[in-house]
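Written out below as structure tokens is the structure these notes cover.
In our numbering, the protein residues as written are 4 to 609.
See below:
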């Protein structure tokens, strides 16, 4: 029996695990449940694929999207792993064959949707299932940003399959969502694994108050820096996806729109062309990208503000999955808030969705390092600035705000952490409202200690405190503010707090008359990208595309851009040399390794 590390090298062609992967795999192999929070592109799939190869029997992966299942199955088959997906796009004969292979033990990994699982349970109970891996597990929680009722039926798995281990995986879950996932799935002897949500290869930029034409001009500038690379432009409306795609096509860019108003065939055609590098840019509503594992997306642009930080993080996470430097840009103006507020008011979860939109708006308007806001939102402490966002590159003026922060934290503590943003600001300002007097908050020592600061500025400082991780919001307790360990350190004088001087919002009129200087995209050198010989890289891309078309696979299933770059920087002259190239497992070397070696040798001759 091979060890997990040996499987990692021989099957997947990687020399070492990413952070947390080995610990997660060993925990699952010891037959204990787990909740895994790992960012998009962080390597979640390997955490259940390797245990599936160690275990006897068929591991069942529950996934919400057919397109995602297909990509995963293609990638596993390309690496020599027996995998299949049971879904409605198969013929009955194909599904019968998949069930037969599972029952005979020939299938190592079976993908199935949560809806389909319920009617397949009777025959699944007759086979050896060592592990259930539930992907996109945040869908089970009403607190999650993508709640799906069919996921709530998965709470029966331990009862129906008492010998199976259950593993829940998600890229986006706040504190409440994590607790809800554990409770609803009834995880036993579980452990929560939280990988760093930091994606340092992604730059983070927010551009405020741009008009439609200014957005197009900026998008064209971004695309020009990434010629031949893939990108996604997310829009709020179907109309905008078509408008932006038309504008880009008019400038000679291979772009297509993607939205729910198109037929299934049209959407699938756009997705296939994007996956296979036949078009460079997809202008899409949020319906696009969840089922795509394309590793070489170099930029993600939000034409409008997303509805939540979870959605935003998941969408920007589709850039730079190969670890190479990639760019993310968010355009923001107040009209987006008006539109999204209308959506929120019509939604079935008005209160939750409203709070999530508030956090997204605060991110867009923040004066704090944007990466710190994202990391703190997902419960990951971050004390340093990233240097790779617009705020860090052009920082606002800051001052020692320790006393201001202590005043606010004291007000929160003296009210037993039972007040929200507005009430905290009113207490500090010394407003004797009916609610404040009824609760006796006008009698606490902190009442009115911030009378010299405007209400607007107190709101700004409280938002900065939230972003800096000094306070958090308890959504399940009436949105009350709670003091974090970092906040207590400031309150009791153990740490100093730096705040940014609030600035007035830049109006659209002011912005449009201002001359915008072109900022060259800079990325910190977290990833050493080789000075690749572009001619050889294009030769290798052509070979990859041919192999992909022959097997009806997406191009990235064959090899990632990262692997092609490594071939360029260290050209393999024999099959044996491929064993030292990132991403070349034994099966891929056997299937098509010689074709890449031949292409390199032919190129070097020329």
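Ideal Cβ positions, reconstructed from N, Cα and C, are used throughout, including at glycine.
Residues of its chain near residue i, where Cβ-Cβ distance is below 6 Å and the 5 sequence neighbours each way are ignored
i, result
"residue 443", "none"
"residue 602", "542, 546"
"residue 370", "399, 503"
"residue 35", "192"
"residue 558", "279, 280, 547, 548, 551"
"residue 521", "Here residue 521 scores only 30 on pLDDT, less than 50, and its place in the model should not be relied on; the value that follows carries that caveat. So no residue of the chain qualifies."
"residue 530", "Model confidence at residue 530 stands at a pLDDT of 37, short of 50, so the residue's coordinates are unreliable and nothing is read from them."
"residue 494", "409, 412"
"residue 219", "250"
"residue 385", "375, 378"
Opening and closing residue of the alpha helix (DSSP H) in which residue i lies
i, result
"residue 140", "Counting along the chain, residue 140 falls outside any alpha helix (DSSP H), and DSSP gives it neither H nor E."
"residue 490", "488-494"
"residue 612", "A query on residue 612 cannot be resolved here, the shown segment of the chain reaching from 4 to 609 and no further."
"residue 366", "353-368"
"residue 55", "47-57"
"residue 261", "Counting along the chain, residue 261 falls outside any alpha helix (DSSP H), though it belongs to the beta strand (DSSP E) covering 258-261."
"residue 25", "24-32"
"residue 467", "458-471"
Unbroken beta strand (DSSP E) run spanning residue i, endpoints
i, result
"residue 286", "284-287"
"residue 403", "401-403"
"residue 65", "62-65"
"residue 329", "329-335"
"residue 211", "205-211"
"residue 475", "474-477"
"residue 234", "233-237"
"residue 73", "Not the beta strand (DSSP E): residue 73 falls in the alpha helix (DSSP H), residues 69-81."
"residue 169", "168-173"
"residue 39", "37-40"
"residue 194", "194-197"
"residue 115", "112-115"
"residue 602", "Per DSSP, residue 602 belongs to no beta strand (DSSP E); it is in the alpha helix (DSSP H), 597-608."
"residue 305", "300-305"
"residue 87", "86-89"
"residue 498", "Element bounds for residue 498: n/a, residue is neither H nor E."
Whole-number beta carbon distance between residue j and residue i, since they are thought to touch under 8 Å
i, j, result
"residue 221", "residue 261", "The Cβ separation is near 21 Å, so there is no contact."
"residue 420", "residue 470", "Actually they do not touch by this definition, with Cβ atoms about 19 Å apart."
"residue 325", "residue 299", "6 Å"
"residue 39", "residue 171", "7 Å"
"residue 237", "residue 318", "6 Å"
"residue 487", "residue 464", "The pair is not a contact, with the Cβ atoms about 16 Å apart (cut-off 8 Å)."
"residue 501", "residue 404", "6 Å"
"residue 330", "residue 301", "7 Å"
"residue 565", "residue 586", "7 Å"
"residue 637", "residue 303", "Residue 637 lies beyond the stretch modelled for the chain, which goes from 4 to 609, so this question has no answer here."
"residue 184", "residue 144", "6 Å"
"residue 376", "residue 146", "With a Cβ gap of about 19 Å, residue 376 and residue 146 do not count as contacting."
"residue 187", "residue 158", "5 Å"
"residue 229", "residue 189", "Not a contact, Cβ separation roughly 46 Å."
"residue 94", "residue 591", "Actually they do not touch by this definition, with Cβ atoms about 29 Å apart."
Own chain residues within Cβ distance below 7 Å of residue i, not counting five before or after
i, result
"residue 492", "498"
"residue 372", "388, 389, 392, 394, 395"
"residue 509", "For residue 509, the predicted model reports a pLDDT of 41, less than 50, meaning its position is unreliable; a value from the coordinates is still stated below. Around residue 509: 211, 212."
"residue 244", "238, 260, 261, 262, 286, 287, 288"
"residue 67", "116, 117, 139, 142, 151"
"residue 28", "7, 50, 53, 54"
"residue 45", "21, 198"
"residue 460", "505"
"residue 126", "102"
"residue 343", "308, 310, 360"
Close Cβ partners of residue i (< 8 Å) along its chain, the five nearest in sequence each way excluded
i, result
"residue 600", "575, 576, 577, 578, 580, 581"
"residue 30", "37, 194, 196"
"residue 110", "61, 85, 86, 87, 101, 104"
"residue 449", "410, 413, 414, 417, 430, 431"
"residue 315", "305, 309, 333, 363, 366"
"residue 297", "233, 277, 278, 321, 324, 557, 559"
CB contact below 8 Å: residue i versus chain B
i, result
"residue 408", "Of the protein chains in the structure, only one exists, and it is not chain B."
Proximity test, residue i beta-carbon vs the ligand FAD heavy atom, cut-off 7 Å
i, result
"residue 233", "The ligand FAD is not among the ligands present in this structure, which contains no ligands whatsoever."
Counting pairs of beta carbons, one from the region 412-423 and one from the region 371-386, are three or more of them closer than 8 Å? no
Three or more C-beta pairs closer than 8 Å, one from the region 332-342 and one from the region 427-444: is that the case here? no
At which residue ranges does the region 376-448 contain complete beta strand (DSSP E) runs of 3 or more residues, listed in the order of the chain? 401-403
Quick check: the region 96-103 against the region 132-141, are there 3 or more CB pairs under 8 Å? no
Assess, as a yes-or-no matter, whether the region 147-166 is touched by the region 198-208 under the definition of 3 or more beta carbon pairs within less than 8 Å. no
Secondary structure, alpha helix (DSSP H): runs of 4+ residues fully inside the region 536-564: 537-554, 558-561
Do three or more CB pairs link the region 47-59 to the region 15-33 at distances below 8 Å? yes
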